[in-house]
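Undergrad:
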């Protein structure tokens, strides 16, 4: 099995541990075998490779190059496809992150195999893989049978819980399969977007705000709560991003990000279908809304009815206190 | 209004009763991008759709918006396997001589988002996915792509494949004149060269209802109780 280990700014991403964990679980369930990981990055990324061993990687192939500090579709595709062709891999695990959603289909087409994308659960059988995939904007769960070797899967971020073990990985270096300078698409500028320091797909807690906040300035309440948690990202509804209160990249919903955090806190969000499509797979959902009949309470595990401008600051304060203890 | 989803008796497909087929959200943005480019720079927009005869209605709608002609790659059912679709599209597109091939970022029904980049690979064309801004001039393009936490501006050469995210252009409404003109525009029908699908639906299910939640209280005084249940019941803190 092969797992694509994503990195950003010289650090492994949580989705990297998820992909390696998934490959380990699939390998163990099939009676054992080796898990290989691939890690791309700028020189120095190899120092992060060993950490993947703790999640079950036996070998990490590191592709270091000054031009690979950021995702490069053509180089990653050629190199990953080359790695899969060089061995008899049963399967390859990607993340359905922005990078993985771009890379996995390219690798699949390069190899002439099919891809199961945005997978939330999988089970390997002798000749095929059975996967679960939310479709129709999360309103239907489809069970699919994927055949062909290698079987390519991209995993919905957050669907697999990284599991640390006591392994260690052999690290080996490899060169990119094509010269990064030959790529037909070149990045000319990179700007930071999104107000959250932590990415929505990686955060274990997402605090999200809707129209009930009444103004862009009031999102400070949401940000403060996210900061109190320490490991939370800030999301928003489409109404809010359409109004420009938050950047479009913060939108959670049918046409925005699909997230599955451990805890999702919906603040001043009524619960439009378009929004629910992006967060209904969260493990625990909390809703704070003044309207006790708001649809969000139908899918929330816990709710508080009332004025968010009183409830949220209190919650922020209590979370701070709890974390100080 | 929320669409009621129910499954057909075979538990592999949706009950067609309550469904209405429409152009996907992102396909609408892609078409609008194409139409605006043609208005500025000349050329024509050709629509291609793979699907049953029901998709002709969608193609006519696109023709009414301003596309010049349309091709239906006929298939009784749209396979779930994005690679099967990409192969059929690549076979159609290979000889087309198109400067730009635009896709929606993801189909809102299957939620796969794989056909665009797969088609690009099969055609060996440069590809940028999920773009939210685009400029084309003199055989070169510049596109902006929103990532998680950052945005990249990229340059590419034509021909190229792009998949379109939302926010780039709001699809126009067809005018009455456009609707009349669309009836006379060419719509070719050809069989889709699908080949074998290797990702097939075993079953569909409606997501399990979440266990009924509860209101822990009203107002700020309910906050300690919320914290308690998050710690002791949900164990997320």
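Residue numbers (my numbering), protein chains in the order written: chain B, 79 to 403; chain A, 10 to 246. Ideal placement from N, C-alpha and C gives every residue a C-beta, glycine not left out.
Residue 233 of chain B touches chain A at which residues, Cβ-Cβ below 8 Å?
TA: Taking the first residue of the first chain as 1, we reach residue 233 of chain B at position 155. Per Cβ cutoff of 8 Å: no residues; residue 233 of chain B is ~14 Å from chain A at best.
Undergrad: Could you have a look at residue 229 of chain B and say whether DSSP puts it in helix, strand or coil?
TA: Walking along the first chain from the start, residue 229 of chain B turns up at place 151. It is a strand residue.
Undergrad: Give the residues from the segment 30-44 of chain A that approach chain B closer than 7 Å (Cβ to any Cβ), ordered along the chain.
TA: Those residues of the segment 30-44 of chain A that come within reach of chain B (Cβ to Cβ, closer than 7 Å) are 34.
Undergrad: Between the alpha carbons of residue 121 of chain A and residue 205 of chain A, how many angstroms are there, rounded?
TA: Here residue 121 of chain A refers to the residue found at position 112 of the second chain. Here residue 205 of chain A refers to the residue found at position 196 of the second chain. If I take the Cα positions, the gap works out to 18 Å.
Undergrad: Less than 7 Å between the C-beta atoms of residue 80 of chain B and residue 167 of chain B, yes or no?
TA: Mapped onto the first chain, residue 80 of chain B falls at position 2. Mapped onto the first chain, residue 167 of chain B falls at position 89. A contact, by the Cβ cut-off of 7 Å.
Undergrad: For residue 107 of chain A, name the three-state secondary structure that DSSP assigns.
TA: Taking the second chain and counting its residues from 1, the one referred to as residue 107 of chain A is at position 98. Note: residue 107 of chain A maps to coil in three-state DSSP.
Undergrad: Between B/109, B/196, B/102, which lies nearest to residue 356 of chain B when the distance is taken from Cα to Cα?
TA: Reading the first chain from its first residue, position 278 is the one you call residue 356 of chain B. Measuring from the Cα of residue 356 of chain B, the nearest candidate turns out to be B/196.
Undergrad: Determine the DSSP secondary structure at residue 377 of chain B, reduced to helix, strand or coil.
TA: Position 299 of the first chain, counted from the first residue, corresponds to residue 377 of chain B. Reduced to three states, the DSSP call for residue 377 of chain B is helix.
Undergrad: Excluding the five sequence neighbours on either side, which residues of its own chain have a C-beta within less than 7 Å of the C-beta of residue 331 of chain B, listed in chain order?
TA: If you number the first chain from 1, residue 331 of chain B lands on position 253. Only 315, 316, 352, 353, 355, 356 meet the Cβ criterion.
Undergrad: Give, in chain order, every unbroken run of the beta strand (DSSP E) that is at least 3 residues long and sits entirely within the segment 215-303 of chain B.
TA: 218-225, 229-233, 248-252, 263-270, 283-287, all fully within the segment 215-303 of chain B.
Undergrad: So is residue 175 of chain B buried or exposed if we call it buried at 16+ other beta carbons inside 10 Å?
TA: Here residue 175 of chain B corresponds to residue number 97 of the first chain, with the count starting at 1. Counting Cβ neighbours within 10 Å, residue 175 of chain B comes out buried, since at least 16 surround it.
Undergrad: Measure the CB-CB distance between residue 160 of chain A and residue 82 of chain A and report whether it falls below 7 Å.
TA: Here residue 160 of chain A refers to the residue found at position 151 when the second chain is read from its first residue. Here residue 82 of chain A refers to the residue found at position 73 when the second chain is read from its first residue. Not in contact: residue 160 of chain A and residue 82 of chain A (Cβ atoms no closer than 7 Å).
Undergrad: Can you give the beta carbon distance from residue 131 of chain A to residue 171 of chain A, rounded, assuming they're within the 8 Å contact cut?
TA: Along the second chain, read from residue 1 onward, the residue named residue 131 of chain A stands at position 122. Along the second chain, read from residue 1 onward, the residue named residue 171 of chain A stands at position 162. With a Cβ gap of about 16 Å, residue 131 of chain A and residue 171 of chain A do not count as contacting.
Undergrad: Report the CB separation of residue 284 of chain B from residue 313 of chain B in whole angstroms; it is logged as a contact under 8 Å.
TA: What you label residue 284 of chain B is simply residue 206 of the first chain in a count that begins at 1. What you label residue 313 of chain B is simply residue 235 of the first chain in a count that begins at 1. That pair is a contact at about 5 Å.
Undergrad: Please go through the segment 307-363 of chain B and give each complete alpha helix (DSSP H) segment of 4 or more residues, from N-terminal end onward.
TA: Listed in chain order, they are 316-320, 351-357.
Undergrad: Distance check for residue 244 of chain A and residue 238 of chain A, CA to CA, integer angstroms please.
TA: Walking along the second chain from the start, residue 238 of chain A turns up at place 229. Walking along the second chain from the start, residue 244 of chain A turns up at place 235. Looking at the two C-alpha atoms, the distance is approximately 8 Å.
Undergrad: Can you give the beta carbon distance from residue 116 of chain A to residue 194 of chain A, rounded, assuming they're within the 8 Å contact cut?
TA: If you number the second chain from 1, residue 116 of chain A lands on position 107. If you number the second chain from 1, residue 194 of chain A lands on position 185. Not a contact, Cβ separation roughly 24 Å.
Undergrad: Could you give the DSSP three-state label for residue 150 of chain A: helix, strand or coil?
TA: Here the question's residue 150 of chain A lines up with position 141 in the second chain. In the structure shown, residue 150 of chain A sits in a strand (DSSP, three-state: E or B).
Undergrad: Would you list, in chain order, the members of the segment 195-219 of chain B that have their beta-carbon closer than 8 Å to a beta-carbon of chain A?
TA: Answer set for the segment 195-219 of chain B: 195, 196, 208, 211, 212, 213, 214, 215, 216, 217, 218, 219.
Undergrad: Between residue 153 of chain B and chain A, is the shortest Cβ-Cβ distance under 7 Å, so that the two count as touching?
TA: Taking the first residue of the first chain as position 1, residue 153 of chain B is located at position 75. Chain A, which has no Cβ nearer than 7 Å to the Cβ of residue 153 of chain B, makes this no.
Undergrad: Applying the criterion that 16 or more other CB atoms from any shown protein chain within 10 Å of the CB defines a buried residue, is residue 32 of chain A buried or exposed?
TA: Stepping through the second chain from its first residue, residue 32 of chain A is reached at position 23. Buried is the call here.
Undergrad: With a 10 Å radius around its C-beta and 16 neighbouring C-beta atoms as the bar for buried, classify residue 198 of chain A as buried or exposed.
TA: Within the second chain, the letter at position 189 stands for residue 198 of chain A. With fewer than 16 Cβ atoms within 10 Å of its Cβ, residue 198 of chain A is classed as exposed.
Undergrad: Which residues, in chain order, does the segment 104-135 of chain A contribute to contact with chain B at a C-beta distance below 7 Å?
TA: Those residues of the segment 104-135 of chain A that come within reach of chain B (Cβ to Cβ, closer than 7 Å) are 117, 118, 119, 120, 121, 122, 123, 126, 127, 130, 131, 135.
Undergrad: Apart from the five residues just before and just after residue 344 of chain B, which ones in its own chain have a Cβ nearer than 6 Å to its Cβ?
TA: Translated into positions along the first chain, residue 344 of chain B becomes position 266. Taken in chain order, the residues that qualify are 286, 365, 374.
Undergrad: Residues in its own chain within less than 7 Å of residue 206 of chain B by CB, not counting five upstream and five downstream?
TA: On the first chain, position 128 is the one that residue 206 of chain B refers to. Correct list, in chain order: 223, 224, 225.
Undergrad: Less than 7 Å between the beta carbons of residue 178 of chain B and residue 171 of chain B, yes or no?
TA: Here residue 178 of chain B corresponds to residue number 100 of the first chain, with the count starting at 1. Here residue 171 of chain B corresponds to residue number 93 of the first chain, with the count starting at 1. No, Cβ-Cβ distance for residue 178 of chain B and residue 171 of chain B is not below 7 Å.
Undergrad: Chain B beta carbons: is any one of them nearer than 7 Å to that of residue 227 of chain A?
TA: Indexing the second chain from 1 puts residue 227 of chain A at position 218. With 7 Å as the cut-off, residue 227 of chain A counts as an interface residue toward chain B.
Undergrad: Give me the Cβ distance between residue 207 of chain A and residue 204 of chain B, rounded to the nearest whole Å; I'm assuming they're in contact under 8 Å.
TA: Along the second chain, read from residue 1 onward, the residue named residue 207 of chain A stands at position 198. Along the first chain, read from residue 1 onward, the residue named residue 204 of chain B stands at position 126. In fact, because the Cβ distance is near 16 Å, the residues do not count as touching under 8 Å.
Undergrad: Compare the Cα-Cα distances from residue 244 of chain B to each of B/250, B/99, B/235, B/234 and report the closest residue.
TA: On the first chain, position 166 is the one that residue 244 of chain B refers to. Nearest of B/250, B/99, B/235, B/234 to residue 244 of chain B, Cα basis: B/99.
Undergrad: Hey, is the segment 228-238 of chain A in contact with the segment 242-257 of chain B, meaning 3+ C-beta pairs nearer than 8 Å?
TA: No, the segment 228-238 of chain A does not touch the segment 242-257 of chain B.
Undergrad: So residue 382 of chain B contacts chain A; which residues on that side make the cut at Cβ distance below 8 Å?
TA: Locating residue 382 of chain B in the first chain gives position 304, counting from the first residue. The contacting residues are 224, 225, 226, 227, 228, 231, 232, 235.
Undergrad: Check whether the Cβ of residue 277 of chain B lies closer than 7 Å to any Cβ atom in chain A.
TA: On the first chain, residue 277 of chain B is found 199 positions in, with the first residue counted as 1. By this cut-off, residue 277 of chain B is an interface position.
Undergrad: Chain B beta carbons: is any one of them nearer than 7 Å to that of residue 90 of chain A?
TA: Taking the first residue of the second chain as 1, we reach residue 90 of chain A at position 81. So, interface residue.
Undergrad: Have a look at residue 149 of chain B and residue 340 of chain B and give me their C-alpha separation to the nearest angstrom.
TA: Locating residue 149 of chain B in the first chain gives position 71, counting from the first residue. Locating residue 340 of chain B in the first chain gives position 262, counting from the first residue. Straight-line Cα distance between these residues: approximately 27 Å.
Undergrad: Nearest by alpha-carbon distance to residue 133 of chain A: which of A/166, A/68, A/18 is it?
TA: Indexing the second chain from 1 puts residue 133 of chain A at position 124. Residue A/166 is the option with its Cα nearest to residue 133 of chain A.
Undergrad: Does any residue of chain B bring its CB to less than 7 Å from the CB of residue 100 of chain A?
TA: Numbered from its first residue, the second chain carries residue 100 of chain A at position 91. So, not an interface residue.
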